[in-house]
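Chains as they are written, first to last, in this note's numbering: chain H, 1 to 314; chain Y, 1001 to 1314. Note that the Cβ used here is the ideal one computed from N, Cα and C, for glycine as well. The model shown is predicted, which means the values in this text are computed figures rather than measured ones. Have a look at the structure below, then the notes.
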């Protein structure tokens, strides 16, 4: 297959490039390096099946030749990033989605949209199944991300209904692993960086809010199946790890795995920070036979090792 | 003031043109006539304070000269219209909002966004205050409108927070009056047309779902105050009539006012049709001293008369 991946130099996008190349596909990657990094794909340069363009998908996109699959994964994804780039975030998930859907229509390509558990907002239903409509503040500071993702989901479904495009939506829950940015503000790289460097781990609130953390390899397996399997047009899937951990337990675990002398300190929680977020992955289990396989200990060990090497190298 | 009104040939937009001109302002109207009609503004042609351009706001917008106020009212607003034009609806409330906000930033103009009670979706809170986050299905057929409006609200707030633009959001509840399209699929023109022509009035479901109906002159008064008064930057206001009527009672009232021999028939309700929708207008009352003044009987009488004249003329 000939596959276009937007956000190819990002955390998830670059792992998707690796996976699709490993399976023998041809990959065209786009990224404007707003939050992605050339370091994440530099090992792929020279691979004859990989082409990369520095490109901002808020501009019109055209590619010569056939295209079988588009994975729209471009978008600042951490709160720190999308709060720093609120308007660009909204453009990527409106104009960027329009342009990539337009290309899918033109090429007759299948389309996979990278959505997020943030479409559920601060949910009153636990765990969240795909049928849950969410509880999002449309005018709060996080709405630049949440509402843009919801808009893109609606647009994806409109192209599916109106133009018959084979679309699939992945609602991605917290994912972690190698290639996250140290300073992207998300809890796992934050804690790991703090633990490795012996700084105090900063926990928002009392740390009793829970999150579920999916290791990147597990997530990529889910996205790969969702993208490759037949008969999933118009479907939405939660992809994430349903095992819950409190933020406080996560901090302790990372200190332990890193063998760190760090202490834990508590700070104010940001506005609209959700209390709980946990995927109901019944549908993914049943329909694409997927569930996460990597334990949190194993995933964190690999991630800590990667960060340690990177910090020493950098 | 020099005022730009998008959707100027629409139902609400054209009444806004009338009002701003009557108050001595200069009005520039844009409309692509997708759902608006030249008939709604033809009486203004020749007025030296009014200029009109047939224009699609999904394209880049630029105007020479100063601009004090932008009212972004372009968008298919009835379910029939936005279901017929799902993708264009989403473009008007993403690219159109981006372009008009960009123009507001360039000109230092105040910005009023025409949002909707549909951002509340199928609410579990009655009446809905501005602080209610809503319950919307992001992938349902109505999401092309609801999510686009929520996206535009989020984008409006992002421009307010990021660029300091003086923005105001009006969440407009059901409004009726002269210049609605006979065939726009909404309940008031539907029933009036059916009553005037002696056809059966078609009620969705058992007609026990309630709606609140605001007469156009009352709504325009609210929007005018919201747009003109100082110190409302970044604010959101519900504008609508809190008096509830069941759809069945509305049908009976219209038959009565029209002196019609029509009967009432019941049909299936569309997907995601909300059970109830009623504005909490406490904020508008308190902050801009606004509340609706026209009784449903008086408003319907004027609307029935207008439709009768139009149908005879047409």
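| Item | Value |
| --- | --- |
| Suppose contacts are defined by Cβ-Cβ distances below 9 Å. Is residue 52 (chain H) in contact with residue 70 (chain H) by that definition? | no |
| Give the secondary structure of residue 1039 (chain Y) by DSSP, where H, G and I count as helix, E and B as strand, and everything else as coil. | helix |
| Pick helix, strand or coil for residue 1031 (chain Y), following the three-state DSSP scheme. | strand |
| What number of angstroms, rounded off, separates the C-alpha of residue 1041 (chain Y) from the C-alpha of residue 50 (chain H)? | 56 Å |
| Cα-Cα, which of H:146, H:190, H:253, H:184 is closest to residue 172 (chain H)? | H:146 |
| Can you find a CB in chain H that lies within less than 9 Å of the CB of residue 1239 (chain Y)? | no |
| Please determine, among H:94, H:127, H:215, the residue with the shortest C-alpha to C-alpha distance to residue 1155 (chain Y). | H:94 |
| For residue 245 (chain H), which of helix, strand or coil comes out of DSSP? | strand |
| Return helix, strand or coil for residue 276 (chain H), following the three-state DSSP convention. | coil |
| For residue 1077 (chain Y) versus residue 1012 (chain Y), is the C-beta distance shorter than 9 Å? | yes |
| Using a Cβ-Cβ cut-off of less than 8 Å, list which residues of the segment 1262-1287 of chain Y approach chain H; keep chain order. | none |
| Can you tell me the Cβ-Cβ gap for residue 1200 (chain Y) and residue 1303 (chain Y), rounded? I've got them flagged as a contact below 8 Å. | In fact, because the Cβ distance is near 20 Å, the residues do not count as touching under 8 Å. |
| Between which two residues does the beta strand (DSSP E) carrying residue 169 (chain H) extend? | 167-172 |
| Apart from the five residues just before and just after residue 129 (chain H), which ones in its own chain have a Cβ nearer than 6 Å to its Cβ? | 280 |
| Starting from residue 1115 (chain Y), trace the beta strand (DSSP E) in both directions and tell me its first and last residue. | 1110-1116 |
| Classify residue 1013 (chain Y) as helix, strand or coil using the three-state DSSP reduction. | helix |
| Taking C-alpha atoms, which residue in H:262, H:290, H:254, H:283 lies nearest to residue 307 (chain H)? | H:254 |
| Does the beta carbon of residue 1297 (chain Y) sit closer than 9 Å to a beta carbon anywhere in chain H? | no |
| Nearest CA to the CA of residue 1197 (chain Y): which residue from Y:1161, Y:1221, Y:1258? | Y:1258 |
| Which residues in the same chain as residue 127 (chain H) place their Cβ atom closer than 7 Å to its Cβ, once the five residues preceding and following it in sequence are excluded? | 242, 278, 279, 280 |
| Please identify the residue among H:219, H:267, H:7, H:273 whose C-alpha is closest to the C-alpha of residue 176 (chain H). | H:219 |
| Who are the near neighbours of residue 311 (chain H) in its chain, counting only those whose CB is closer than 7 Å to its CB and skipping five residues on each side? | 196 |
| Counting only C-beta atoms, is residue 103 (chain H) closer than 9 Å to chain Y at any point? | no |
| Return the residue from the list H:237, H:107, H:105, H:233 that minimises the CA-CA distance to residue 119 (chain H). | H:237 |
| Measure the beta-carbon distance from residue 1065 (chain Y) to residue 1031 (chain Y) and round it to whole angstroms, keeping in mind my assumption that it falls under 8 Å. | So it is not a contact: roughly 20 Å between Cβ atoms. |
| Just checking: is the beta-carbon of residue 91 (chain H) within a distance shorter than 9 Å of some beta-carbon in chain Y? | yes |
| Identify which residue in H:190, H:170, H:267, H:107 has its Cα closest to the Cα of residue 300 (chain H). | H:190 |
| Could you tell me the boundaries of the beta strand (DSSP E) in which residue 295 (chain H) lies? | Note, residue 295 (chain H): premise wrong, no beta strand (DSSP E); not H, not E. |
| Residue 1137 (chain Y) touches chain H at which residues, Cβ-Cβ below 8 Å? | 133 |
| On the criterion of 16 or more Cβ atoms from any shown chain inside 10 Å, does residue 23 (chain H) qualify as buried, or is it exposed? | exposed |
| Can you tell me whether residue 62 (chain H) is buried or exposed, with buried defined as 16 or more other CB within 10 angstroms of its CB? | exposed |
| Tell me which same chain residues have a C-beta within less than 8 Å of the C-beta of residue 1209 (chain Y), skipping the five on either side of it? | 1246, 1247, 1269, 1273, 1274, 1275, 1276 |
| Given a threshold of 16 other Cβ atoms within 10 Å of its Cβ, counted over all protein chains shown, does residue 1240 (chain Y) qualify as buried or as exposed? | buried |
| Since I believe residue 1202 (chain Y) is in contact with residue 1265 (chain Y) (beta carbons under 8 Å), could you give me their beta-carbon distance rounded to a whole number of angstroms? | 6 Å |
| Residue 1122 (chain Y) and residue 1110 (chain Y) look like a contact to me (Cβ under 8 Å); what is the Cβ gap, rounded to whole Å? | Residue 1122 (chain Y) to residue 1110 (chain Y), Cβ: 33 Å. No contact. |
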